[in-house]
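Engineer:
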Amino acid sequence: SQQGEEDPQALSIQEGENATMNCSYKTSINNLQWYRQNSGRGLVHLILIRSNEREKHSGRLRVTLDTSKKSSSLLITASRAADTASYFCATDARDDKIIFGKGTRLHILP
Amino acid sequence: DTAVSQTPKYLVTQMGNDKSIKCEQNLGHDTMYWYKQDSKKFLKIMFSYNNKELIINETVPNRFSPKSPDKAHLNLHINSLELGDSAVYFCASSQGAGFDEQFFGPGTRLTVL
Numbered sequence: 300s301q302q303g304e305e306d307p308q309a310l311s312i313q314e315g316e317n318a319t320m321n322c323s324y325k326t327s328i329n330n331l332q333w334y335r336q337n338s339g340r341g342l343v344h345l346i347l348i349r350s351n352e353r354e355k356h357s358g359r360l361r362v363t364l365d366t367s368k369k370s371s372s373l374l375i376t377a378s379r380a381a382d383t384a385s386y387f388c389a390t391d392a393r394d395d396k397i398i399f400g401k402g403t404r405l406h407i408l409p
Numbered sequence: 012d013t014a015v016s017q018t019p020k021y022l023v024t025q026m027g028n029d030k031s032i033k034c035e036q037n038l039g040h041d042t043m044y045w046y047k048q049d050s051k052k053f054l055k056i057m058f059s060y061n062n063k064e065l066i067i068n069e070t071v072p073n074r075f076s077p078k079s080p081d082k083a084h085l086n087l088h089i090n091s092l093e094l095g096d097s098a099v100y101f102c103a104s105s106q107g108a109g110f111d112e113q114f115f116g117p118g119t120r121l122t123v124l
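These protein sequence lines are chains A and B, in that order.
Position in the first sequence counted from 1, then plus 299, gives you our numbering.
Position in the second sequence counted from 1, then plus 11, gives you our numbering.
(1) Can you pull the chain A residues whose beta carbon is under 7 Å from the beta carbon of N117/B, in chain order?
(2) How far does the beta strand (DSSP E) with P117/B in it extend, from its first residue to its last?
(3) Check distances from the C-beta atoms of the segment 345 to 366 of chain A to those of chain B and list, in chain order, the residues that come in under 7 Å.
(4) Tell me, please, whether the CB atom of E112/B is closer than 7 Å to any CB atom in chain A?
(5) Grab me the residues of R74/B's own chain with a C-beta within less than 7 Å of its C-beta, minus the 5 sequence neighbours each way, in chain order.
(6) For F399/A, which residues in the same chain have their Cβ closer than 6 Å to its Cβ, ignoring the five residues on either side in sequence?
(7) For a cutoff of 7 Å on Cβ pairs, would you count L121/B as touching chain A?
(8) Would you please state the rounded distance, in angstroms, between the beta carbons of T376/A and R353/A? I believe it to be under 8 Å.
(9) Please tell me whether D306/A has its Cβ less than 7 Å away from any Cβ of chain B.
(10) Using a Cβ-Cβ cut-off of 7 Å (strictly less than) and excluding sequence neighbours within five positions of V123/B, which residues of its own chain qualify?
(11) Would you kindly work out how many angstroms separate the C-alpha atoms of S59/B and N68/B, rounded to a whole number?
(12) Taking 7 Å as the threshold (beta carbon to beta carbon), is N337/A in contact with chain B?
(13) For L94/B, does the three-state DSSP call read helix, strand or coil?
(14) Can you give me the C-alpha to C-alpha distance between T319/A and K396/A, rounded to a whole angstrom?
(15) So that I know if they touch, is there some Cβ in chain B lying closer than 7 Å to that of S300/A?
(16) Just the chain B side, please: which residues come within less than 9 Å of D382/A by C-beta, in chain order?
(17) Can you tell me where the beta strand (DSSP E) holding K30/B begins and where it ends?
(18) Start and end of the beta strand (DSSP E) containing V15/B?
(19) Is the beta carbon of D391/A less than 7 Å from the beta carbon of N330/A?
(20) Quickly, what does DSSP pair R404/A with across the bridge? List them, please.
(21) With distance defined between alpha-carbon atoms, name the residue in H406/A, A384/A, L347/A nearest to G339/A.
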């Protein structure tokens, strides 16, 4: 079964607002990554957070990790049109395999 | 310079044909991957090679055969194509074989008619 599940499946917000996406997973992890995929493109790595970290920032991105709840969130502040994309969380499952969730489709409205 | 490149970008073919997709990375990475992304955007790993050695081989029909002639290349050959093989196939690479950041190619959209 799938390790990571993003929520919501789709999200539409006005430009300038903050966007929050969540990822829940089932088994213990060592690390969690977030990726972005623009339409028709490959995935681009955004941020990696380790199991002993609770929060990490990168520019307008803020990622949190709650290992007790087996969940992570990705916050994009002051959203821009260019942030329109699908966002995936990825976790390390058994044997160091990376498993991707189904993604959240984010649409930034002008 | 493109870090991870794939050819072709689009591939339209008839059922039963054999086709190949090529992937090259110029990042000096040790590990390369093939993923399949279906119409619902679900991304699933198919194979992984580390230093030309197969390390991940998920439950994939044996019609799919990866080949790594060297560390910088990982090609995917598909025999007897079926309608269900239609998807976008992504190649990726990473420095190590663990949970390293992966760099993805632009994808190959395969359509089987």
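Every residue, glycine too, gets a C-beta built ideally from N, C-alpha and C.
Structural biologist: In brief:
(1) According to the sequence displayed, residue 117/B carries Pro and not Asn. Neighbours of P117/B in chain A, taken as residues at a C-beta separation under 7 Å, are given in chain order as R340, G341.
(2) From DSSP, P117/B is part of no beta strand (DSSP E); its letter is neither H nor E.
(3) From the segment 345 to 366 of chain A, only L347 have a Cβ closer than 7 Å to chain B.
(4) Interface residue, yes.
(5) Closer than 7 Å at Cβ, skipping near neighbours: I89, N90, S91.
(6) Only F387, A389 meet the Cβ criterion.
(7) Not closer than 7 Å to any Cβ of chain A, the Cβ of L121/B fails to qualify, so no.
(8) Cβ atoms of T376/A and R353/A stay farther apart than 8 Å, at about 18 Å.
(9) Cβ-Cβ to chain B under 7 Å: no for D306/A.
(10) Within the same chain, Cβ atoms closer than 7 Å to the Cβ of V123/B are found at T24, M26, L92, E93, L94, D96, S97, the five residues on either side in sequence being excluded.
(11) Each residue's Cα considered, the two are about 7 Å apart.
(12) The beta carbon of N337/A does not come within 7 Å of any beta carbon belonging to chain B, so the residue lies off that interface.
(13) Three-state result, L94/B: helix.
(14) Computed Cα separation, rounded: 26 Å.
(15) Caution applies to S300/A, whose pLDDT of 43 falls short of 50 and renders its modelled position unreliable; the value that the coordinates give is listed next. Cβ-Cβ to chain B under 7 Å: no for S300/A.
(16) Correct list: empty, because the minimum Cβ distance to chain B is about 17 Å.
(17) Note, K30/B: beta strand (DSSP E), 30 to 36.
(18) V15/B: member of the beta strand (DSSP E) spanning 15 to 18, first to last residue.
(19) Result yes, Cβ atoms of D391/A and N330/A sit closer than 7 Å.
(20) In the DSSP output, where bridge partners are listed per residue, R404/A has A309/A, S385/A.
(21) In terms of Cα proximity to G339/A, the closest of H406/A, A384/A, L347/A is A384/A.
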